[in-house]
Structures are given as C-alpha cells and as structure tokens.
Amino acid sequence: MKTALISDIHSNLEALTEALKYIESDKEINKIVCLGDIVGYGADPAACLDIVTEKASITVIGNHDSAVARLTDIEYFNFVAREAIHWTRNNITEEHAAFLSSLPYEAKEDNILYTHSSPEAPEEWDYIFSFQDAQFQINSFPESICFVGHSHVPGIYGRTMQNPHEHGEVKLDPDEKYIINIGSVGQPRDGNPRLSFAVLDLNEYSIEIIRLEYDIETARGKILEFGLPKYLADRILAGR
Ligand code: ZN
Numbered sequence: 006m007k008t009a010l011i012s013d014i015h016s017n018l019e020a021l022t023e024a025l026k027y028i029e030s031d032k033e034i035n036k037i038v039c040l041g042d043i044v045g046y047g048a049d050p051a052a053c054l055d056i057v058t059e060k061a062s063i064t065v066i067g068n069h070d071s072a073v074a075r076l077t078d079i080e081y082f083n084f085v086a087r088e089a090i091h092w093t094r095n096n097i098t099e100e101h102a103a104f105l106s107s108l109p110y111e112a113k114e115d116n117i118l119y120t121h122s123s124p125e126a127p128e129e130w131d132y133i134f135s136f137q138d139a140q141f142q143i144n145s146f147p148e149s150i151c152f153v154g155h156s157h158v159p160g161i162y163g164r165t166m167q168n169p170h171e172h173g174e175v176k177l178d179p180d181e182k183y184i185i186n187i188g189s190v191g192q193p194r195d196g197n198p199r200l201s202f203a204v205l206d207l208n209e210y211s212i213e214i215i216r217l218e219y220d221i222e223t224a225r226g227k228i229l230e231f232g233l234p235k236y237l238a239d240r241i242l243a244g245r
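Residues in the sequence shown are numbered consecutively from 6, following my numbering.
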C-alpha cells in the first residue's frame with residue numbers, strides 16, 4: 006500500500022485537481038497526507054480546503070494556514086504574502102478558519118514524522134532547501150523519515166546521500182535516516198513550474214517525487230481576475 010504526500014497547495018485548485026487525478030488513478034494509494042499551506046497566494050482557498058478536509062487523513066499546519074487562522078503574526082510575511090493572507094481570510098468560511106486553527110504542527114505514524122517546515126522546531130518555520138540544511142536537522146527526530154514541504158524545493162536527503170529527485174522511484178535504505186522535501190503542489194520554486202508531490206511505498210520502502218503539468222493559465226488568470234498581486238500570477242508560470 007502506498008501513501009501520497011501533498012504540500013504547499015496554496016489555493017491552486019488546478020494544480021491540486023491534477024495531482025488528485027494522478028493519486029486516484031493509482032489504486033495502490035490508500036492514504037493522503039497533507040503537509041500544510043493549503044491556502045495563501047492562489048485564488049481558490051475554499052475549494053482547496055474542502056478537498057483537503059475530505060481527502061487527507063492527516064494534515065499538519067503550514068505558516069500561511071497559521072497566519073490566515075491568526076495564530077502566526079502577519080508581520081512575519083512579505084508584502085505580497087500579506088496581501089494574499091488578508092484576501093484569503095475574506096474568502097473562506099468560519100468553519101474553514103476553525104479547521105486551520107485545529108491543525109497540529111506535526112504528526113507521527115509508522116516510524117515517520119510529518120511536519121511543514123523542519124523537525125527541530127516546526128513552529129519557527131525554518132526552511133530546508135538543500136542537503137546542508139537537512140544535515141542540521143537530521144538527528145533532531147527519532148523516526149526514520151521526516152517529510153517536509155515549506156521551501157517548495159523537492160529533494161531526498163540522507164546523512165550521506167542526496168537525490169535531487171529527477172525521475173522515478175528512489176529505493177530507501179532501512180538503516181539510513183531521511184528528510185524528504187516533497188516540493189509544492191501549487192507554487193513550485195525550483196525553476197520547474199510543474200506541480201510536485203510524493204508517493205511513498207512502505208512495502209518496497211521507496212519514494213517517488215512526481216512532477217506533472219497542470220492548467221497554469223487558468224490558475225494564473227484567476228489570480229489576476231480576483232485582484233491578487235500580479236507577482237503571484239507570474240510566479241507560478243516561472244516556477245520560482
Ligand atoms: Zn508554502
């Protein structure tokens with residue numbers, strides 16, 4: 006049985022829908038875990054929240070979720086992100102906000118840790134962009150694998166290896182420890198605009214980071230139409 010891991014959807018309904026199409030076509034996937042930042046930046050926060058609450062069996066909180074729910078100080082964010090957080094608050098229901106407020110910083114199961122930013126101090130929203138960043142964190146948790154998102158840059162990092170994830174399944178070593186950044190569904194930032202998420206196969210002990218094209222033009226058009234900052238529309242096109 007396999008687990009699909011999604012993160013940093015950022016209200017991008019087109020990207021989320023495309024990722025789910027893939028996930029639901031693989032009958033071996035029996036669980037979806039969401040690593041947070043469901044909202045912020047994009048034009049469809051309510052629809053994305055409805056989908057995640059219905060489909061994900063585990064969800065942890067991201068920094069944008071936390072800011073929208075008024076748990077993290079909005080001053081922490083740049084101007085563009087702040088604009089999107091204000092807009093998002095006005096475009097979700099009270100139930101959505103209550104759901105975001107209820108989310109934990111981390112979840113654990115089957116020797117795996119799930120958190121949005123970093124295992125050492127999830128509430129400080131530190132970023133893991135690289136092998137070096139991962140080395141500072143890799144001994145801070147007892148589980149064999151820690152899955153993160155937050156930087157929007159996918160990568161598989163062990164104590165001695167790194168895999169920038171290009172294509173196909175990566176076999177994991179049961180004696181190694183890993184931090185695996187699954188990238189972003191809704192706003193990739195590694196120069197590749199294709200959406201990113203991961204599929205974990207616990208039987209095979211392997212991980213695959215999936216990259217897919219999606220309807221960027223529609224997602225981009227809605228950002229412009231709803232008066233969100235143009236920079237956010239351009240960003241998903243560039244994947245940066
Ligand atoms: Zn994010």
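Glycine residues also receive a C-beta, built at the ideal position from the N, C-alpha and C atoms.
Here the structure is a predicted model, which is why all the values come from computation and not from measurement.
Separation of residue j from residue i, as counted between CA atoms
i	j	result
THR223	PRO179	42 Å
PRO234	TYR46	9 Å
CYS39	SER71	15 Å
THR165	GLU80	37 Å
GLU99	ASP239	30 Å
ARG87	GLN142	28 Å
LEU105	ALA126	19 Å
TYR219	LEU207	28 Å
TYR162	ILE212	12 Å
ASP31	VAL204	10 Å
ALA20	ILE37	16 Å
GLY226	ILE43	19 Å
ALA89	ASN96	10 Å
LYS60	GLN137	34 Å
GLY67	TRP130	8 Å
PRO147	TYR183	11 Å
ASN197	GLY244	5 Å
Environment of residue i [buried if 16+ CB atoms lie within 10 Å]
i	result
HIS242	Reading off the sequence shown, one finds Leu at residue 242, where the question assumed His. With fewer than 16 Cβ atoms within 10 Å of its Cβ, LEU242 is classed as exposed.
TYR210	exposed
GLY160	buried
ASN17	buried
SER107	exposed
LYS7	buried
For residue i, the first and last residue of its enclosing beta strand (DSSP E)
i	result
THR120	117-120
GLU125	No beta strand (DSSP E) contains GLU125, which DSSP labels as neither H nor E.
LYS176	174-176
ILE161	160-162
Bridge partners - residue i, DSSP secondary structure assignment
i	result
PHE152	TYR119, ILE185
CYS39	ILE11, THR64
SER211	LYS176, ASP206
GLN192	Paired residues: none, contrary to the question.
SER201	ARG216
GLN167	TYR162
ILE143	Partner(s): none; ILE143 has no beta bridge.
Interface flag, residue i vs chain B, CB-CB below 9 Å
i	result
LEU21	Looking for chain B here will not work: only one protein chain is present.
Residue i - containing alpha helix (DSSP H), residue span
i	result
SER135	Taken as a continuous stretch (DSSP letters only), SER135 belongs to no alpha helix (DSSP H), as it is neither H nor E.
GLU23	18-30
ARG225	221-230
TYR236	235-243
> Curious, which full-length alpha helix (DSSP H) runs of at least 4 residues does the segment 55-114 contain?
Replying inline: Look at the segment 55-114 and you find these whole runs of alpha helix (DSSP H), each 4 residues long or longer: 68-73, 84-94, 99-107.
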